[in-house]
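Numbering (our numbering), first residue to last: 379 to 468.
For glycine and all other residues, C-beta sits at the position ideal for the given N, C-alpha and C.
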């Protein structure tokens, strides 16, 4: 599968996100964890790659089976009061 520049940018963005699992990247783009690591190594500056690897290595949220929550996304406690891109009057 050939990845477009847009796909590569999105994969890098997803890889940096703490709560996006490698499984989600695999589901969306068909890349296994090692392939994502290889892509990050190839596309990023060496110092940025080392920083990313240190960040995700051993991080439970990057692996579906190691997560301590099953579904949903993080939701700010004030999120219900936000509407139309502005915080409602309290």
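- Residue 420 and residue 393 have their C-alpha atoms some 14 Å from each other.
- Between residue 407 and residue 384, the CB-CB gap reaches or exceeds 9 Å.
- Around the CB of residue 399, 16 or more other CB atoms lie within 10 Å, so the residue is classed as buried.
- Between the C-alpha atoms of residue 436 and residue 426 there is a straight-line separation of about 18 Å.
- A straight-line Cα-Cα distance of about 22 Å links residue 405 and residue 433.
- Put simply, of 395, 429, 413 the residue whose alpha carbon is nearest the alpha carbon of residue 381 is 413.
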